[in-house]
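Enquirer:
Structure (structure tokens):
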């Protein structure tokens, strides 16, 4: 692609995301819906104006990594730890139930092949961190207790999703189930999530020391983005999703993350503030590209709208996908309404589901109709909860006394 | 290339540019030298660690466009107009002399083919705006009278360079000299440079109006970057260098650019300040990639260091390249020392020269030795003036009374 063509594509993506996002906000609809719509309109579903090229995918990937960095930056690690057990329960049930339901629906109800049913279950497992975070931020609920729990659960979800993907991928290649490979990935990811924030914190200490002697402008944007991309690379290297690297770097730079025994200089409020000031414009520039990209990747034209199989299969899957995720929240000890809030926030699928669907299609595991049904399920399970959550908060906000 | 490989490449580029840039500044060497060195070390010249891939080239291109945007933002259009005649004289002589000298050296002195000599002359024509601006900024001279004149001359230079490139390209394809094509490009570029800032100003007025009603964060980074990339695309569409689009957008958003008859809302200082606050981190993130890219593009390993032709040809060309550019400044009415300052600042070649050299090599117009000699000339004419200009200012600064 020619360089200038790419420039006009980025211009169109950024401006349409902005215009539709603002329009949505004006109509009291969460703005992320506008950005997703921009992608659907520009993409193969409608206008076919912009193809999700590799470069745009890359910028979108940077967008989601930076978004997770921002989430990490605003995360109170102590509170996250406290809600850790509950988050894990929500995450585990939120993965197992949709996976089991999805598999059973495919294998027993619709008599699909074994591997196809497994992949269909896999497509339903992972909650979209990006969309969940955006909904909660759009509703100014991202500092609430339930947001903390959902965030933790979504991160754990993503890890399990990636392990499941590796597992099913091995299976699809006829390699058989490699428990060793799967558990190896698991161990690597756990080590990464424990060590990465500490390592990032030490590096941040180096940046802060440099800050006082630096003689050329732009120290913070270049070094912090480097730090984030380095940990994204490292996450990928150990087999974890890249966005976890961004999250780890964000947690390390947050105001509430301290190393034991004063290993590194404590984050000064002034320095933390400067990081936020410098990083916000960069984060705001890249993240809309991610949400437009999710819309671009949904090819609604590929759906055979006349097939009754597509309609019935997607309707049944959607119900199981929703119930499966909400259920998870009911296995923890919490207020009744907060359980609902957590369950609803876990529903949106988005990017990881799409990766499963694309992989299954590319490997010939999904035929066109199964693929189409999964795309419908992902689209609806992404978009519908946004409205439901908004309605839920407007109706039951007073029942959710902050703790 | 895999996404995560790209992440580690960007990390390496940003960090090495930062470290070598800071080291250079610490040793009182202009920091741009450090960034160019980072590219030479990482690239095919030395380590061969990073290939200048399409994606990195694209980010570098965004870097130079954003740098020109920043330059435009800080440009006083009234002063630029006042120095316009002088800038044009400097630019014209600074193109004609090196081109004529380069051609004569090649054709008469070294008996090279006609087309090869023309391309060799072309390689010497354009001053590198990016490097010139960086040197003057590193020395805190970017608001001086001579900087204004050099900037104007370098912009005009770039326009002439692109027209010359189009002209020679036609010639190399055996199409003969198309005066119509050449003059058409010229007219388009002039129209663009007159209309673009006005159009950009009107669009900026729209952004400002949106600013007060916008409900989602990130209005300025997304819309201003869109504006810049849109004008870069437009510049390319009319046949002008893309960075002129960034410059036009920057001028439009600068504090000193007003439309006649109050067509648009005047830029409020507060709004202009917010644009700078939001854009600086983004500009600082992308511009180092450009300077590292220039270093990456210089393959010093491709030089046949044992060939006496390479040494003699490049030495003679370098002398003509330096004299040709300095001469231009002596055709204007100015103080003696300021003439020298202007002449010296016009010497750095860099990116446009490299485009000529690459094109000539790809088209078979340059053999390996001629190409190598030109690479040496570009490298030395980029790096040496940086030291000379620094020395010049430290020695003669008091003679350059500000006007």
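Protein chains in written order, with the numbering used here: chain H, 1 to 403; chain B, 1001 to 1403. All C-beta atoms, glycine included, are put in the ideal place defined by N, C-alpha and C.
1. So, with DSSP's three-state summary, where would you put residue 349 (chain H)?
2. Have a look at H:299, H:71, H:94, H:241 and flag the residue whose alpha-carbon is nearest the alpha-carbon of residue 48 (chain H).
3. Does DSSP classify residue 1011 (chain B) as helix, strand or coil?
4. Using beta-carbon positions only, say whether residue 1239 (chain B) and residue 1166 (chain B) come within less than 9 angstroms of one another.
5. Please give the ranges of any beta strand (DSSP E) in the region 127-179 of chain H, keeping only runs that are unbroken, at least 3 residues long and fully inside the region.
6. Sort B:1339, B:1319, B:1318 by Cα distance to residue 1328 (chain B) and report the nearest one.
7. Of all the residues that make up the region 1019-1051 of chain B, which are near chain H by a beta-carbon distance shorter than 8 angstroms?
8. Pull up the distance between the alpha-carbon of residue 221 (chain H) and that of residue 276 (chain H), whole angstroms please.
9. Quick one: list the residues of chain B neighbouring residue 229 (chain H), beta-carbon separation under 7 angstroms, in chain order.
10. Quick one: grab the DSSP three-state call for residue 78 (chain H).
11. Does any CB atom of chain B fall closer than 9 angstroms to the CB of residue 219 (chain H)?
12. Are residue 1314 (chain B) and residue 1357 (chain B) touching if we call contact CB-CB under 9 angstroms?
13. Is the Cβ-Cβ distance between residue 138 (chain H) and residue 288 (chain H) less than 9 angstroms?
14. Terminal residues of the continuous alpha helix (DSSP H) containing residue 1371 (chain B)?
15. Going by Cα to Cα distance, which pick from B:1039, B:1026, B:1370, B:1151 is closest to residue 1106 (chain B)?
16. Around the C-beta of residue 148 (chain H), are 16 or more other C-beta atoms found within 10 angstroms, so that it is buried, or is it exposed?
17. Figure out for me which residue from B:1271, B:1336, B:1116 has the closest Cα to the Cα of residue 1400 (chain B).
18. By a C-beta neighbour count over all protein chains shown, 10 Å radius and 16 as the cutoff for buried, is residue 273 (chain H) buried or exposed?
19. With H, G and I counted as helix, E and B as strand and the rest as coil, what does DSSP make of residue 288 (chain H)?
20. What residues from chain H crowd round residue 1232 (chain B), counting only those whose CB sits closer than 8 angstroms?
21. What do you get for residue 1262 (chain B), buried or exposed, if any count of 16 or more other CB atoms within 10 angstroms of its CB means buried?
22. Express the C-alpha separation of residue 164 (chain H) and residue 181 (chain H) in angstroms, rounding to a whole number.
23. Give the secondary structure of residue 1283 (chain B) by DSSP, where H, G and I count as helix, E and B as strand, and everything else as coil.
24. Express the C-alpha separation of residue 1333 (chain B) and residue 1084 (chain B) in angstroms, rounding to a whole number.
25. Identify whether residue 333 (chain H) lies in helix, strand or coil by the three-state DSSP scheme.
26. Are the Cβ atoms of residue 1224 (chain B) and residue 1278 (chain B) separated by less than 9 angstroms?
27. With a CB to CB cut of under 8 angstroms and the five nearest residues on each side skipped, what residues in its chain are close to residue 265 (chain H)?
28. List the residues of chain D whose Cβ lies closer than 7 angstroms to the Cβ of residue 282 (chain H), in chain order.
29. Three or more C-beta pairs closer than 8 angstroms, one from the region 112-126 of chain H and one from the region 52-70 of chain H: is that the case here?
30. Please report the Cβ distance between residue 1127 (chain B) and residue 1094 (chain B), rounded to the nearest whole angstrom; I am assuming they are in contact, meaning their Cβ atoms lie under 8 angstroms.
31. Under a CB-based cut-off of 9 angstroms, is residue 1215 (chain B) close to chain H?
32. Could you pull out every residue in the same chain whose Cβ sits closer than 7 angstroms to the Cβ of residue 80 (chain H), ignoring the five residues on either side in sequence?
33. Where does the unbroken alpha helix (DSSP H) through residue 98 (chain H) begin, and where does it stop?
34. Where does residue 212 (chain H) fall in DSSP's three states?
35. Should residue 141 (chain H) be flagged as near chain B, meaning a C-beta pair shorter than 9 angstroms?
36. At the 9 angstroms Cβ level, is residue 1226 (chain B) part of the contact set with chain H, yes or no?
Expert: From the atom records:
1. As a first step, residue 349 (chain H) is located in the first chain; it is residue number 349 there, counting from the start. Residue state, collapsed to three classes: coil.
2. Indexing the first chain from 1 puts residue 48 (chain H) at position 48. For the residues H:299, H:71, H:94, H:241, the minimum Cα distance to residue 48 (chain H) belongs to H:299.
3. Reading the second chain from its first residue, position 11 is the one you call residue 1011 (chain B). Three-state DSSP puts residue 1011 (chain B) in a helix.
4. On the second chain, residue 1239 (chain B) is found 239 positions in, with the first residue counted as 1. On the second chain, residue 1166 (chain B) is found 166 positions in, with the first residue counted as 1. Yes, Cβ-Cβ distance for residue 1239 (chain B) and residue 1166 (chain B) is below 9 angstroms.
5. none
6. Within the second chain, numbered from 1, the residue matching residue 1328 (chain B) stands at position 328. It is B:1339.
7. 1021, 1022, 1025, 1026, 1031
8. For this step, residue 221 (chain H) is matched to residue 221 along the first chain. For this step, residue 276 (chain H) is matched to residue 276 along the first chain. Approximately 10 angstroms, taken between the alpha carbons.
9. Indexing the first chain from 1 puts residue 229 (chain H) at position 229. Those within 7 angstroms of residue 229 (chain H) in chain B are 1007, 1010, 1011.
10. Your numbering for residue 78 (chain H) matches position 78 in the first chain. Helix at residue 78 (chain H).
11. For the purposes of this step, residue 219 (chain H) is taken as residue 219 along the first chain, with counting starting at 1. With 9 angstroms as the cut-off, residue 219 (chain H) counts as an interface residue toward chain B.
12. Walking along the second chain from the start, residue 1314 (chain B) turns up at place 314. Walking along the second chain from the start, residue 1357 (chain B) turns up at place 357. It is not a contact, given that the beta carbons lie outside the stated cut-off.
13. Against the first chain, residue 138 (chain H) aligns to sequence position 138. Against the first chain, residue 288 (chain H) aligns to sequence position 288. No.
14. The sequence position of residue 1371 (chain B) within the second chain is 371, counting from 1. 1368-1396 is the extent of the alpha helix (DSSP H) around residue 1371 (chain B).
15. Stepping through the second chain from its first residue, residue 1106 (chain B) is reached at position 106. Among B:1039, B:1026, B:1370, B:1151, the Cα nearest to that of residue 1106 (chain B) belongs to B:1370.
16. The count along the first chain starts at 1 and reaches residue 148 (chain H) at position 148. By the neighbour-count rule (16 or more Cβ atoms within 10 Å), residue 148 (chain H) is buried.
17. By 1-based counting over the second chain, the position of residue 1400 (chain B) is 400. Of B:1271, B:1336, B:1116, the residue nearest in Cα terms is B:1336.
18. Here residue 273 (chain H) is taken as the residue at index 273 of the first chain, counted from 1. Its Cβ having fewer than 16 others within 10 Å, residue 273 (chain H) is exposed.
19. What you label residue 288 (chain H) is simply residue 288 of the first chain in a count that begins at 1. Three-state result, residue 288 (chain H): helix.
20. Here residue 1232 (chain B) corresponds to residue number 232 of the second chain, with the count starting at 1. The contacting residues are 4, 7.
21. Counting from 1 along the second chain, the entry for residue 1262 (chain B) is found at position 262. The pLDDT assigned to residue 1262 (chain B) is 49, lower than 50, so where the model puts this residue is not dependable; a value taken from the coordinates is nonetheless given after this. By the neighbour-count rule (16 or more Cβ atoms within 10 Å), residue 1262 (chain B) is not buried but exposed.
22. The residue you call residue 181 (chain H) lines up with position 181 of the first chain. The residue you call residue 164 (chain H) lines up with position 164 of the first chain. Their Cα atoms are separated by approximately 11 angstroms.
23. For this step, residue 1283 (chain B) is matched to residue 283 along the second chain. Reduced to three states, the DSSP call for residue 1283 (chain B) is helix.
24. Along the second chain, read from residue 1 onward, the residue named residue 1084 (chain B) stands at position 84. Along the second chain, read from residue 1 onward, the residue named residue 1333 (chain B) stands at position 333. If I take the Cα positions, the gap works out to 13 angstroms.
25. In the first chain, counting from the first residue as 1, residue 333 (chain H) sits at position 333. DSSP places residue 333 (chain H) in coil when its eight states are reduced to three.
26. Your numbering for residue 1224 (chain B) matches position 224 in the second chain. Your numbering for residue 1278 (chain B) matches position 278 in the second chain. A contact, by the Cβ cut-off of 9 angstroms.
27. Counting from one through the first chain, the residue named residue 265 (chain H) turns up at place 265. Legend: pLDDT at residue 265 (chain H) = 48, less than 50; position of this residue unreliable, value from coordinates given subsequently. Here the set comprises 205, 208, 209.
28. Checking the listed chains, one finds no chain D in this structure; the protein chains it contains are H and B.
29. no
30. Here residue 1127 (chain B) refers to the residue found at position 127 when the second chain is read from its first residue. Here residue 1094 (chain B) refers to the residue found at position 94 when the second chain is read from its first residue. Their Cβ separation, rounded to whole angstroms, is 7 angstroms, which keeps residue 1127 (chain B) and residue 1094 (chain B) in contact under 8 angstroms.
31. Within the second chain, numbered from 1, the residue matching residue 1215 (chain B) stands at position 215. Cβ-Cβ to chain H under 9 angstroms: yes for residue 1215 (chain B).
32. Sequence index remark: in the first chain, residue 80 (chain H) carries index 80 (1-based). If we look at residue 80 (chain H) and ignore the five residues flanking it on each side, its Cβ neighbours are 148, 152.
33. The residue given as residue 98 (chain H) occupies position 98 in the first chain. Counting along the chain, the alpha helix (DSSP H) containing residue 98 (chain H) begins and ends at 84-104.
34. Locating residue 212 (chain H) in the first chain gives position 212, counting from the first residue. If DSSP states are grouped into helix, strand and coil, residue 212 (chain H) belongs with the helices.
35. Mapped onto the first chain, residue 141 (chain H) falls at position 141. Taking Cβ atoms only, chain B never reaches closer than 9 angstroms to residue 141 (chain H), which makes this a no.
36. As a first step, residue 1226 (chain B) is located in the second chain; it is residue number 226 there, counting from the start. With 9 angstroms as the cut-off, residue 1226 (chain B) counts as an interface residue toward chain H.
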